[in-house]
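So the structure is just underneath, and the comments pick up after that.
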Amino acid sequence: MFPFFSRSKMSDAPEVNPAPAKTQELHPLDALTGGAFSAATSGERASRIRDWLATQPAPEQLQEVFKELSGRDKGAARAVRERLDEIRRAKGQEAIAAEWAEKAQALLAAPKLNIADALAWQRDAAKAGAPLSREPLSLLKVQMADRVKVIEDLQHRVQVQREAAVLLAQRIEVLSTKPWRDAHAALELLRADVARWQEQAQELTGDASWVSVEARFPPLLDASRTQLLVVWEAFQPAVAQAAAAAEDAAAPLPPVPVWADELRAARGLPTEASAAAAAAAKPARAVKPKVAPEVVEKAAQVVREALTTLEKETAEGHGKASAGAAAALRAVLKVHGKHIDNALEQQVHTALVAAGELEGWQRWSADQVREDLVAKAEALLNRPEGQALGGRKMQETLRNLRDQWKQADQGGAPNHALWKKFDEACNAAHKVVEAWLDKIRTEAAEHKAQRLALIEEVKAWAQAHATSTDWKGINRALYQFGDRWREGGHVGEKLFAELQPLWKQAIALAAAPLEAAQKDSLARRHAMIEEATALGAAPMLRIDAVKALQQRWQGEAQSVPLDRKHEQKLWDAFRKPIDEAFNRKSADREKAATELSARDRVVLDASKALEAANATGDAQQIRAAVQALEAALRGQAQAAEAVASAQKAEQSAAAPAEQAVGGDAPAADAATEGDGAAAADGEAAAPAAAPVAPPKPARPVVAVRGDDRPGMKKDAPAAPGRGARPGDRRDGRPGDRDAGRAPRAEGRFGDRNDRGGRMGERPAYEDRGPRLGDVAFRAQRDAMEHAQLALKKLAAQAHGETLTQLLAAWDKRDPAQVPSAQDLGGRVTASVRTAWTQALSAAPQGDAAEALLRLEMAAEAPTPAEHIAARRMLQLQLLTRRNDPAPAQTWGQDAARVLASASDAASARRLQNVLKTLLRK
């Protein structure tokens, strides 16, 4: 009867004043953390935790504080957790740092340090997450970098020494082309430079890090030293011999041509060049008259051809070819040298000198290439563990090495000692290739046996399944045989060429029945495609024929498999005409659906009018538009138009009928009910046969007291029905079993719409008219939804305005401002409104506290905290008043009592909250 609240609100236990709180005890860790646990706010606690962390507490203390603080303040505990994570990472990094420090110390302690290993240590340590920026790895990293820098500096100095040796040799060669006195003057300076170069080279080789230098640098330094010493050791005796020959005319001349010619000139002797010219001029003067011009021209032509060939080979750097061209040119000179002039002879000698120098350079370069090839061949079997070359890769590598050796032999003279070492290394590495080839031959023999066995198996299978009709199983087996053949392993090209025809013959024999069945299936499918084309082209699409044809196609596809792509193409060709026919049918249906009927147009117009009314925000217009749309949906507009047109037709037909009948109308009116009235109606309707009369509505069946059987008078009392019970009504009601029955309407069962149901009168089904189109249906549905939302919004606005007006009337004590009964709604009766106006007409009097509590109970609204005790007391009092009406029944009178009292802001707010609910119920 009364609303009850939760136990916390309705508890009848006496209120007890809470005992004063005890003094909060300090946490044991509060002093350790600087008062973090006793901090008033989270920000202050986090600040104190950060200050405590700055003192670098022990990990045990951090763990204990985090355990206690994580349950109180996760934000402040985050900093402690981060510090613990940092300590944990530091421990892990210490282990990693120790491991990589051991590796670095091992590299540094080794007598030979490889630069690649040092760089790999730094790279791998960084990948492993080692702290390279912390001790001891930072120090080891610096030591490793210094060691690498020293090694790289040694290698750079080797290159500098090599260039210096070349420059010293060039200085000696230049001095050999100048007078011997210049060479003698520069001898001491050259001796000092050569001695300094040897000291520097010795310093390089004596360095502690010399063993860590790459293997290609020591041979370069040794070769430079050897070349320089050879030139220097030849230059010193030549200078001494030239000085002795200058002092003693009987002393032998030096081996340097320029110095020897200078000394001959000093002694008054002819030089080698003048002697050669004189010797060449004498026979020329003696021979010239005896040689025919044709012979001289032919000799010059032959020598020029040989000279051109030699110059070409020398320019291209072909050492071996240039040596052959030089030999050919010398042979030509032996025959035709005495018939050429001096200029051509000088060109020949220049070309021969250049070819000799190229041959020497090519020989040295070829030896360098051969040494590299020997090193590569020896390294084939000395690769690191896990990086050994396989058989095929080894075979290709050996072939490439031998091809490179052949190219080196073409560029210079052969070196038999290096060839022997190279050939031995290649033969040792070729053992891997031989083992691989043996393995390949064994596997090829096994694969050949497997393939032959598979061919025999296919032949036996073909004989066993020659009469089978399981085409899917046959197709699956053939595919499996093909997969096994492709996975049969590698065989040689020659052997595969022998086995492939046998396999094709066996698989063709096995696939012959399936191919014949597929050929027949293709013919049947093409016939079904033509049938589908005919069905699709027909004006009327036969669904049963389409379904039967599709079932036939599915049966054919399931029985005989085809290639997937070919079968998909056939299926696309089959379904295309049927899909086109269905698309045409769908298009026709959509076209018919889009055409609007007269009723759809009426509904669309009414929907648009309703949308326009919704936009105005006028409730009266919206309701009128809603009624118009509902009438359009029921078809009343069309019915009204039909009735109006029918009435006009009757009026136009009734005028000539009255003129024709004249004075017979009273007789027709005096005629008896029954046949006379029917005859009069027939006579009146005869002239109006031309216009079509509208159908008359069915006459309602009216229950008549009395006996309505044929021949009985209606005013005579009817006999009581049998089986009457005491208290039953004697007059039959429509639908009662024993009531007087009216004549049955036309039809076998009569008009059952007039019969009452078992639980009362059954309403007749409403005729909703023809089905709406999709466009009209959606339009009316959206318009109705928008109208309902607009009415709800307007009702809410009006409700708020009504409450505001009522509260203003209470504040000003003006009964004229009280809203009307229509604005207040159906919940407020006229008597209640009158009581409210009377309360506002009088002066404020009385206390509205109890009335407000009753209103809050009726509206089940919450009560302010300061009045909860009074509400509980009032509820207990109402429990003892069993016969008093409930607050929900007297809320109008309670509101009048509130309006009769003085207005204040708190009471107005409470009254507004309860009336919001009560006026809507």
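Heads up: the sequence shown begins at 48 in this note's numbering, then just goes up one per residue. Ideal Cβ placement from N, Cα and C applies to all residues, glycine included. Being a predicted model, the structure only gives us computed values, none of them experimental.
Distance between beta carbons of residue j and residue i, contact taken as under 8 Å
i    : j    : result
A830 : L676 : 7 Å
R194 : L160 : 6 Å
V416 : A370 : Between A370 and V416 the Cβ distance is about 17 Å, and since that is not below 8 Å, they are no contact.
P866 : Q885 : With a Cβ gap of about 16 Å, P866 and Q885 do not count as contacting.
L268 : V205 : 5 Å
W938 : A908 : Between A908 and W938 the Cβ distance is about 11 Å, and since that is not below 8 Å, they are no contact.
L445 : V480 : 7 Å
A248 : R272 : 6 Å
Residue i vs residue j beta-carbon contact at 8 Å
i    : j    : result
V972 : L609 : In this structure the chain extends from 48 to 968, so residue 972 is not present and cannot be described.
Q864 : A855 : yes
D941 : P932 : no
L215 : L275 : yes
G893 : A953 : no
I502 : L549 : yes
P891 : A949 : yes
P178 : Q140 : yes
L926 : H914 : no
A373 : L399 : yes
A83  : L100 : no
I219 : W279 : yes
R181 : A145 : no
E545 : R571 : no
A353 : H386 : no
I134 : P104 : no
L187 : D254 : no
V875 : A868 : yes
A895 : R860 : no
W227 : E309 : yes
W147 : L184 : yes
Q651 : A912 : Residue identity check: residue 651 is Leu in the sequence provided, not Gln. Not in contact: L651 and A912 (Cβ atoms no closer than 8 Å).
A628 : L680 : no
L300 : A312 : no
Residues of its chain near residue i, where Cβ-Cβ distance is below 8 Å and the 5 sequence neighbours each way are ignored
i    : result
V850 : The displayed chain sequence assigns Leu, not Val, to residue 850. If we look at L850 and ignore the five residues flanking it on each side, its Cβ neighbours are Q959, L962, K963 and L966.
L561 : W518, I521, N522 and L525
H231 : V286, A289 and A290
R799 : Residue confidence is low: R799 scores 47 on pLDDT, short of 50, so the model does not pin down where it sits. Its coordinate-derived value is still stated next. So the list is empty, once near-sequence residues are dropped.
A123 : A83, S89, R92, A93, I96 and L116
7 Å CB neighbourhood of residue i in its chain, flanking five on each side removed
i    : result
I669 : A660, N661, A834, A837 and L838
H494 : G535, G536, H537 and V538
Q565 : V607 and L609
V505 : F528, A553, I554 and A557
D951 : none
F113 : A124, V127, R128 and L131
Neighbourhood of residue i by C-beta distance below 6 Å, restricted to the same chain and skipping five residues each side
i    : result
T910 : E903 and R918
E149 : none
A672 : A656, L657 and A660
H74  : F84
K335 : Bear in mind that a pLDDT of 46 at K335, under 50, signals an unreliable position, so the number given afterwards is only what the model happens to contain. Excluding positions up to five away in sequence, the list is empty.
R120 : Reading off the sequence shown, one finds Asp at residue 120, where the question assumed Arg. Cβ neighbours of D120 beyond the five flanking positions: S89 and R92.
R957 : L899
F282 : I219
W857 : L946 and S950
L569 : none
Touching by the beta-carbon criterion (3+ pairs, under 8 Å), the segment 288-305 and the segment 253-273: Between the segment 288-305 and the segment 253-273, the count of Cβ pairs shorter than 8 Å is below three; the stretches do not touch.
The segment 818-827 touching the segment 643-663, judged by at least three CB pairs closer than 8 Å: Yes, since at least three Cβ pairs between the segment 818-827 and the segment 643-663 fall closer than 8 Å, the two stretches touch.
Meets three-Cβ-pair contact criterion under 8 Å: the segment 485-494 and the segment 530-541: The segment 485-494 vs the segment 530-541: in contact.
The segment 189-203 touching the segment 160-176, judged by at least three CB pairs closer than 8 Å: Yes, the segment 189-203 is in contact with the segment 160-176.
Cβ contact (3+ pairs, closer than 8 Å) linking the segment 172-185 and the segment 193-213: Note that the segment 172-185 does not touch the segment 193-213; fewer than 3 beta-carbon pairs, one per stretch, sit closer than 8 Å.
Validate contact between the segment 388-402 and the segment 432-445 using beta carbons, cut 8 Å, 3 pairs: With the cut-off at 8 Å, the segment 388-402 and the segment 432-445 do not touch.
Contact the segment 462-474 vs the segment 421-429: 3+ CB pairs below 8 Å: Short answer: they touch.
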